[in-house]
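In full-length UniProt numbering, the protein residues as written are 1 to 1033.
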């Protein structure tokens, strides 16, 4: 089980449908236990719609909510229906369609509801539904029926008012129930005009041309106000000379600091401040809130000889800190710097976005572009368009809920993307039809169609931030993209679409002369053969093989998606033998030579990337041998080819030798890949044609052992079991978890052995016995913890041996497995077993932490165990093993552990501080920015947090079509390849063993970390937790 706090490590399709929280929600409310509520609560805390709900309200929702899942294209309800339920989106997305007529066919999609959106509160007064809601994809919803929702509203009106859409929620700032608008002011066909009087457009729109206020936030938050005081007191106690009167151009500025000195000082105080740019962002936080001010009221902090003054020093004769205040500031300084380092990047981003587009430096544009990569609304746009947007985006912020951004019927002048906050979509006569949140966009349709605004947009909460693209810039980008698009056609059909951009790169022409080129051409889409032709023509022969064109590497890594090896090999052979049909004899000879050299080079790169995977394909091996023979024959006639012959010969020889010996070398892997002594051996990559001995169980818990290939399909597994059992019945193959969840596997699914949960097992049965399947006793996991042996091992030894084992698992993962996983391994008939096992290791470590703590009955020993896990996490981070680091921290944040308040209360404050710091790195906001900043500072070897890499690739895959107008969307291939190459970077240097870590009990530690015993049933873990510390009434 993977904590939903971050991202799912790996799942197929709708696997979340078998999760414990769903089973709990499917029970009748009266039958839900305290453990059920805890399990549901853990899931709902991760949903944006609920993150600000009061805990007691959330508990009530856990008691009365229901789970609902809908396939793509299902209409949840239609415009005009009388509502019966309120909904929140747990996963997936839904379109909001509105029609001006009674005909639903005329409905126009006005926006999309994403994860975390809540809708349907019109049930409070029985008004008809304002819009039709249709699922865009498989979606999971939490549903609360009308009676229960009204009851919640009556009981928790004060804390729900600010969270529901008007007319029920708060329209003005302040958050008090008395601020709620009267019924006469509700948004409806009769009252929208009166509402407009109350909604003002007074907001802070950042524009360089406008007069700037003293600070962006007129009232500093309590946290930042305290942070400013701690920093000022620390400076006055450690470097008092920094705050003094200063003269510049005959004018005296009282009690000022210099920007460069503030940056210098901050970098000296903490290792968490690793760059001057980061420090600038941290000081910008104080500047935005008015806790630090530029003497001439500039709103950007700069690392220059500029004067800044703390808020306390604005008054005459500001007092110096007392001894008590100095001591407190020393104690709080590191926590303050940690806080500012977390919010600083966003402040730095806002600072850049407030600059006039023409004043943004290249570094600024790169920072904006990096941010745009992770915005859901922009995921389908090309790299070029995102880079163009980085140069024109304008930051816009509005302080007050109720501000109207634009009105229905107005001319569309801008497209908006929500950076922070939420807005209501309001239509005359229908009221609030939906709410949009961070990452959503609106207003683009009016720009594209030159149509009036289809709805009004009203701020739902205070302090909302937007990115804005104005119509002129939007249209220019579209024009520029089309003007720089080159389309190659055959029979009036596009076969290759290229993007032209300025370049100073020198290219080789037929390999004989080198001329400067003013433009480079990037493949955007094309037919597979045409993309290959383009890369061969553009290949530079004057560079070393290791300096190959990244675009060519994209092709080699991704071609399996659109032109598999069985098709690619004949095409490469045809290209190798191609000859020029015109030109002088010398020109034809030159063409032939360079064409052959290019194909040889491509084949070498292709074989290098695919590696051992080629040995699994007889056709690919036959191609390599045939290709080598052709090159050898040609080398006798064309001596220039002899340079590439040795490398090709070595490649073919190694591949052929390995393939010939593979029948004898076939590994026979034990059940579960990992439940035995083979875990103690150094791991080798698992191949699709390796064989596995595997136990498949029957409903009476007897089993049969089968021997099949790792990549065997479910159909082949069932056939092997039927042969052993002598059964002629139609059998099902079922993945049965320790909690009793059953997933019937599809006949075409492959390599299912490696996708089982930690304690999952495969069962086979006729369909009529499916309901009678029960888990094996062994699936329950251990009944006692391993504290006796665990407490004797040092934290550093444990972290080191975990890292050694994790590195072995990670090193076995082939880059192509990420591609197979993203696009569906069944489409390639290839195993992703190595990656599955590495992802499962993440789950195993997380569950190990929860299991050991929940099986430790003594309070004092539980406290010691928490301390030890925090130490192990710290050492894993030190070894750059981020996968285990996150697994440990997420295990400690699991509800079964985090609810143990008596245990946490006794944890020393030093360890609480470490845990808090580690937990902040797990913060999923701004697309896991905290984690990404941490990784950016590290050099290889690194064991990355693999679930996030998978999430990034899935994000790109889901947001972009693989084919556009029957052409391969190569821009998508490029984005996915860039993510896959992170794995290559992390492994670009080997992990070297530390001699100092071969301690006396090294074999025991090594054996322990490779054979962890865990409970993987969240319900069992929750029950154990409640026995340790019963719920306080």
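The beta-carbon is built from N, C-alpha and C at its ideal position, and this holds for glycine as well. Everything numeric in this text was worked out from a predicted model, so none of it was measured.
In the three-state reduction of the DSSP assignment, residue 695 falls in the strand class, which pools E and B. The residues 82, in chain order, have a CB closer than 7 Å to that of residue 126 in the same chain once the five nearest residues on each side in sequence are set aside. The beta carbon of residue 458 lies closer than 6 Å to those of 404, 424, 426 in the same chain, with the five residues before and after it left out. Minimum Cα-Cα distance from residue 149 among the listed residues 66, 108, 227, 73 corresponds to 66. Here the C-alpha atom of residue 683 lies approximately 57 Å from the C-alpha atom of residue 399.
The C-beta of residue 642 has fewer than 16 other C-beta atoms within 10 Å across all chains shown, which makes the residue exposed.
Put simply, of 58, 442, 411, 371 the residue whose alpha carbon is nearest the alpha carbon of residue 96 is 442. Taking C-alpha positions only, residue 58 is separated from residue 894 by approximately 17 Å. By the criterion of a C-beta distance shorter than 7 Å, residue 469 is surrounded in its chain by 389, 392, 393, 414, 415, once the five residues flanking it on both sides are discounted.
In terms of Cβ geometry, residue 337 and residue 273 form a close pair [threshold 8 Å].
Going by C-alpha positions, residue 369 is about 11 Å away from residue 349. Following the DSSP letters along the chain, one finds residue 46 in no alpha helix (DSSP H), marked with neither H nor E. Within the same chain, and ignoring the five residues on either side of residue 826 in sequence, the residues whose Cβ sits closer than 7 Å to its Cβ are 748, 749, 750. Per DSSP, residue 765 is one residue of the beta strand (DSSP E) stretching across 761 to 766. Shown here, residue 133 sits in a strand according to DSSP, grouped into three states. When C-alpha distances from residue 634 are compared across 596, 581, 78, 610, the shortest belongs to 596.
About 5 Å separates the beta carbon of residue 851 from that of residue 1015, a gap short enough to meet the 8 Å contact definition. Excluding the 5 residues flanking it on each side, residue 1002 has same chain C-beta neighbours closer than 8 Å at 797, 801, in chain order. Below 8 Å, enough C-beta pairs join the region 284 to 303 and the region 350 to 362 to call them touching: three or more. By the 16-neighbour rule on beta-carbons within 10 angstroms, residue 27 is exposed. Contact check for residue 139 against residue 130 fails: the beta carbons are separated by 8 Å or more.
In this structure, the straight-line span from the alpha carbon of residue 622 to that of residue 579 is close to 23 Å.
Between residue 841 and residue 818, the gap from beta carbon to beta carbon reaches 8 Å or more.
When secondary structure is reduced to three states using DSSP, residue 395 falls in the strand class. By the criterion of a C-beta distance shorter than 6 Å, residue 870 is surrounded in its chain by 911, 914, 915, once the five residues flanking it on both sides are discounted. In this structure, DSSP gives residue 465 an extended state, which the three-state scheme calls strand. Here the C-alpha atom of residue 1021 lies approximately 6 Å from the C-alpha atom of residue 896.
The DSSP-derived three-state label of residue 326 is helix. Leaving aside the five residues that flank residue 22 on each side, the residues in its chain whose CB is nearer than 6 Å to its CB run, in chain order, 67. A direct Cα-to-Cα measurement between residue 375 and residue 381 gives close to 11 Å. According to the DSSP assignment, residue 709 belongs to the beta strand (DSSP E) that extends over 703 to 709. The region 430 to 441 makes no contact with the region 316 to 336, as fewer than three CB pairs between them are under 8 Å. When the Cα atoms are used, residue 279 and residue 991 turn out to be separated by approximately 32 Å.
Judged by pairs of C-beta atoms under 8 Å, the region 938 to 951 touches the region 877 to 892, as three or more such pairs exist. For residue 775, the secondary structure class from DSSP, reduced to helix, strand or coil, is coil. In summary, residue 73 is exposed, with fewer than 16 beta-carbon neighbours lying within 10 Å of its beta-carbon over all protein chains present.
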